[in-house]
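Single-structure report; data block below.
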Amino acid sequence: MKTQFRVRYKETDRMGIVYHSNYIVWFDVGRTELLRSLGFDYRHLEEIGLMLPVVEVNVKYKSPSYYDDLIEIEASILEVSRVKVKFGYKVYRGGTLLAEGYTVHGFTDNNLKPIALNKFNKEIYELFLKNIVSNLEDKG
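The working numbering applies: residue 1 is where the sequence shown begins, and numbers increase by one.
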């Protein structure tokens with residue numbers, strides 16, 4: 001799933017470069033749109049009592065991004081188990097890879113108690129499994 005937007009001025013540092021933590025926020029944007037493209041969103045997940053807290057984040061920075069750059073985030077599901085899901089991300093400006101990484105999320109109930117997704121909601125579990133992408137393709 002691909003999502004595009006422009007870098008906002010507030011996302012840059014004194015050097016005019018996008019501040020590193022914003023890439024993690026952008027990962028969230030990509031993940032949210034990926035889930036929406038699969039037919040549900042975070043609001044629906046929370047309404048049925050499924051939470052996806054982040055348990056791990058990884059980012060590799062390749063090239064800087066600047067104010068008003070048109071950014072594209074490519075998000076995919078890399079791995080799924082009964083208790084967690086790993087999403088992958090690549091951030092591009094045109095054909096230039098700016099950053100890549102992943103987030104790992106546990107499956108919990110509303111009280112953040114770990115759950116087995118295959119038992120809690122088999123439909124969502126199978127949808128995640130069906131949409132695993134082994135690798136995000138490089139554009140550059």
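Glycine residues also receive a C-beta, built at the ideal position from the N, C-alpha and C atoms.
> What is the rounded straight-line gap between the Cα of Arg31 and the Cα of Leu50?
Replying inline: Within the sequence shown, numbered from 1, the residue matching residue 31 stands at position 31. Within the sequence shown, numbered from 1, the residue matching residue 50 stands at position 50. Spanning the two alpha carbons is a distance of roughly 16 Å.
>> On the DSSP bridge list, what partners appear for Thr108?
In response: Walking along the sequence shown from the start, residue 108 turns up at place 108. DSSP lists Met51, Pro114 as partners of Thr108.
>> Beta-carbon within less than 6 Å of Asp138's beta-carbon, same chain only, minus the 5 sequence neighbours each way: which residues are those?
In response: Here residue 138 refers to the residue found at position 138 when the sequence shown is read from its first residue. Confidence in Asp138 is poor, its pLDDT being 44 and thus under 50, which makes the residue's placement too unreliable to answer from.
> Would the stretch 92-106 and the stretch 122-132 be scored as touching if the rule is three or more Cβ pairs under 8 Å?
Replying inline: No, the stretch 92-106 is not in contact with the stretch 122-132.
> What is the residue span of the beta strand (DSSP E) that Arg6 lies within?
Replying inline: Locating residue 6 in the sequence shown gives position 6, where the first residue counts as 1. It spans 2-6 - the beta strand (DSSP E) in which Arg6 sits, taken as one unbroken run.
>> In the DSSP assignment, the alpha helix (DSSP H) including Arg36 goes from what residue to what residue?
In response: As a first step, residue 36 is located in the sequence shown; it is residue number 36 there, counting from the start. It spans 22-37 - the alpha helix (DSSP H) in which Arg36 sits, taken as one unbroken run.
>> Tell me the rounded alpha-carbon separation between Gly88 and Val57.
In response: As a position in the sequence shown, residue 88 is number 88, starting the count at 1. As a position in the sequence shown, residue 57 is number 57, starting the count at 1. Rounded to the nearest angstrom, the two C-alpha atoms are 10 Å apart.
> Taking the Cβ atom as the reference point for each residue, do Gln4 and Ile71 lie within a distance shorter than 9 Å?
Replying inline: The sequence position of residue 4 within the sequence shown is 4, counting from 1. The sequence position of residue 71 within the sequence shown is 71, counting from 1. It is a contact, given that the beta carbons lie within the stated cut-off.
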